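Novice: Numbering (UniProt numbering), first residue to last: 2 to 189. Got a structure for you, questions after.
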Ligand code: GRF
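Here you go:
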């Protein structure tokens, strides 16, 4: 099975996922797609020897172009790892229950547009939440409202800064996202 990862930024999750499957007999990360030509995830792809594809908004909206890239690479499954754009209907329809996203909070709390990167951790700290966590879910047309596959929580101390919360969240992501993807992809 071939996985494509969509990322927009640093790509630390993409790297962890690619490394996790490096010695898997039948699952591999075959392509990393990014909507930002200067994102560090492209450097990570190069270092990992994984082909990458950079696209802009018009290209992302062009179903025939994007589907050709995914089909050329024989992609069976899509993972969004820190990807900040909404997935268009053509992609959800082409990959029904075949797109997983990770959200760095306990959906439905702190979901929706704009709740990414530090913003979400800032909001958690300002709301004086006692805990936060990650949500791994299928992507459907309503984006963050796809069925939840997995959640993990971590305590938020009253003294925690958003940066400290982000650290805790990244640790949860790295610990769980690759294994959850493996479970789901092995079942398709
Ligand atoms: C992660 O915290 C992810 O949950 C969120 O954005 C961050 C991406 O980090 N959507 P990276 O690009 O994988 O390092």
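C-beta atoms are modelled at their ideal positions from N, C-alpha and C, and glycine is treated no differently. Since this is a predicted model, take the numbers as computed values, not measurements.
According to DSSP, is residue 5 helix, strand or coil?
Specialist: The answer is strand: DSSP assigns residue 5 an E or B state.
Novice: Can you name the start and end residues of the beta strand (DSSP E) that residue 80 belongs to?
Specialist: Here the beta strand (DSSP E) through residue 80 covers 78-81.
Novice: Do residue 80 and residue 135 have their C-beta atoms within less than 7 Å of each other?
Specialist: Contact flag unset, no.
Novice: Beta carbon of residue 105: closer than 6 Å to some heavy atom of the ligand GRF?
Specialist: Correct: residue 105 has its Cβ closer than 6 Å to the ligand GRF.
Novice: Classify residue 168: buried if its beta carbon has 16 or more other beta carbons within 10 angstroms, exposed otherwise.
Specialist: Exposed is the call here.
Novice: I want to check one thing, is the minimum distance from the CB of residue 14 to the heavy atoms of the ligand GRF below 6 Å?
Specialist: Indeed, a heavy atom of the ligand GRF lies less than 6 Å from the Cβ.
Novice: Residues in the same chain with beta-carbon distance under 7 Å from residue 30, minus the five sequence neighbours each way, listed in chain order, please.
Specialist: Within the same chain, residue 30 has close Cβ partners 4, 6, 18, 19, 22, 51.
Novice: At least one CB of chain B closer than 7 Å to the CB of residue 46: is that the case?
Specialist: Within the model displayed, chain B is absent; a lone protein chain is all it includes.
Novice: Does the segment 63-82 come into contact with the segment 151-167, if we say contact requires no fewer than three beta-carbon pairs (one atom in each stretch) closer than 8 Å?
Specialist: Output reads no: the segment 151-167 does not touch the segment 63-82.
Novice: Between which two residues does the beta strand (DSSP E) holding residue 191 run?
Specialist: Only positions 2 to 189 of the chain appear in this structure, which leaves residue 191 out of reach.
Novice: Between residue 83 and residue 37, is the Cβ-Cβ spacing less than 7 Å?
Specialist: No, Cβ-Cβ distance for residue 83 and residue 37 is not below 7 Å.
Novice: Would you be able to state if there are at least three C-beta pairs under 8 Å between the segment 95-106 and the segment 115-129?
Specialist: Because the criterion of three Cβ pairs below 8 Å is met, the segment 115-129 and the segment 95-106 touch.
Novice: Quick one: grab the DSSP three-state call for residue 189.
Specialist: In this structure, residue 189 counts as coil in the three-state DSSP scheme.
Novice: How big is the Cα-Cα spacing for residue 110 and residue 96?
Specialist: Near 26 Å, if we compare the C-alpha coordinates of residue 96 and residue 110.
Novice: What is the rounded straight-line gap between the Cα of residue 10 and the Cα of residue 42?
Specialist: Spanning the two alpha carbons is a distance of roughly 6 Å.
Novice: Is residue 102 helix, strand or coil by DSSP?
Specialist: Strand.
Novice: Would DSSP call residue 141 helix, strand or coil?
Specialist: The answer is strand: DSSP assigns residue 141 an E or B state.
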